[in-house]
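Contents: one structure, followed by commentary.
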Amino acid sequence: MERKKIGMAADHGGYNLRKWLTQKLQEEGYEIVDYGNTVLDTQDDYPDFVIPMATDIGNGTLSRGIAVCGSGVGACIAANKISGVRACLITDTFSAHQGVEDDDMNLICLGGRITGSYLAVELVKSFLDAEFSGLERHNRRLSKIKSLE
Ligand code: RB5
Numbered sequence: 052m053e054r055k056k057i058g059m060a061a062d063h064g065g066y067n068l069r070k071w072l073t074q075k076l077q078e079e080g081y082e083i084v085d086y087g088n089t090v091l092d093t094q095d096d097y098p099d100f101v102i103p104m105a106t107d108i109g110n111g112t113l114s115r116g117i118a119v120c121g122s123g124v125g126a127c128i129a130a131n132k133i134s135g136v137r138a139c140l141i142t143d144t145f146s147a148h149q150g151v152e153d154d155d156m157n158l159i160c161l162g163g164r165i166t167g168s169y170l171a172v173e174l175v176k177s178f179l180d181a182e183f184s185g186l187e188r189h190n191r192r193l194s195k196i197k198s199l200e
């Protein structure tokens, strides 16, 4: 799967951070698949953007995605409803990569009203550069989660 092709979804609470991250990732050579919202609409709802992106991650169309809402909480709750999606709200660089290495996180959620723009870039780069370890103990734990899907 194309690892330089990344999904991006945000509501009004994540609109500015989403624009900033898109620009920074494009400068790094990433292709951004935009799930909206493409305009700033203070009445929009994060599930309308996050769920289509999460669905494409769950069905294998995309390998990874970034979801931004005001806190990152709602985006995370919505994304984790989709089979095959392992989303987490991330605020520190350790979890940004360890969540991939140990837990095969495939969707990072950020709070556009919480996380500063430069930290957000570092978090996303840590997430995108990380790889799942594939270790037996991690696969064993993931299979226990997968059994619920
Ligand atoms: C929208 O105002 C806000 O509730 C949403 O962006 C997000 O923070 C939800 O978790």
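Count the sequence shown with this note's numbering and you get residues 52 to 200, in order.
Ideal placement from N, C-alpha and C gives every residue a C-beta, glycine not left out.
Please read all numbers here as calculations on a predicted model, not as lab measurements.
Please report the distance separating the alpha-carbon of L68 from that of V119.
Position 17 of the sequence shown holds residue 68. Position 68 of the sequence shown holds residue 119. Those two C-alpha atoms are separated by around 7 Å.
Quick check: the Cα distance between D155 and N131, rounded to an integer number of angstroms?
In the sequence shown, counting from the first residue as 1, residue 155 sits at position 104. In the sequence shown, counting from the first residue as 1, residue 131 sits at position 80. Rounded to whole angstroms, D155 to N131 spans 13 Å at the Cα level.
Per-residue DSSP class, three states only, for S95:
For this step, residue 95 is matched to residue 44 along the sequence shown. A small correction: the amino acid at residue 95 is Asp; Ser does not occupy that position in the sequence shown. In the structure shown, D95 sits in coil (DSSP, three-state: anything other than H, G, I, E or B).
Return helix, strand or coil for R137, following the three-state DSSP convention.
The residue given as residue 137 occupies position 86 in the sequence shown. In the structure shown, R137 sits in coil (DSSP, three-state: anything other than H, G, I, E or B).
Return the bridge partner residues of M59 from the DSSP annotation.
Against the sequence shown, residue 59 aligns to sequence position 8. By DSSP's assignment, M59 forms a beta bridge with D85 and I117.
Below 8 Å, can you find three or more Cβ-Cβ pairs linking the stretch 183-196 to the stretch 86-98?
Touching, no.
Figure out for me which residue from N157, L186 and G162 has the closest Cα to the Cα of S177.
Here residue 177 refers to the residue found at position 126 when the sequence shown is read from its first residue. Out of N157, L186 and G162, N157 has the C-alpha closest to the C-alpha of S177.
Beta-carbon gap between K197 and L113 smaller than 8 Å:
For the purposes of this step, residue 197 is taken as the residue at position 146 of the sequence shown. For the purposes of this step, residue 113 is taken as the residue at position 62 of the sequence shown. The answer is no: Cβ separation not under 8 Å.
Closer than 6 Å from C-beta to any heavy atom of ligand 1: which residues, in chain order?
Checking every Cβ against the heavy atoms of ligand 1 under 6 Å gives D62, G64, Y97, C120, G121, S122, V124 and G125.
Quick one: any contact between the stretch 141-151 and the stretch 93-110, if contact means 3 or more CB pairs under 8 Å?
Too few Cβ pairs lie closer than 8 Å, so no.
Nonlocal neighbours in the same chain, by C-beta distance under 6 Å from L105, ignoring five residues either side:
Along the sequence shown, read from residue 1 onward, the residue named residue 105 stands at position 54. A small correction: the amino acid at residue 105 is Ala; Leu does not occupy that position in the sequence shown. These residues qualify, in order along the chain: A130, I133 and V136.
For V151 and R188, the rounded distance between their alpha carbons
Counting from 1 along the sequence shown, the entry for residue 188 is found at position 137. Counting from 1 along the sequence shown, the entry for residue 151 is found at position 100. Between R188 and V151, the C-alpha separation is close to 14 Å.
Host alpha helix (DSSP H) of L72 (start-end)
By one-based count along the sequence shown, residue 72 stands at place 21. Y66 to E78 is the span of the alpha helix (DSSP H), which, as asked, contains L72.
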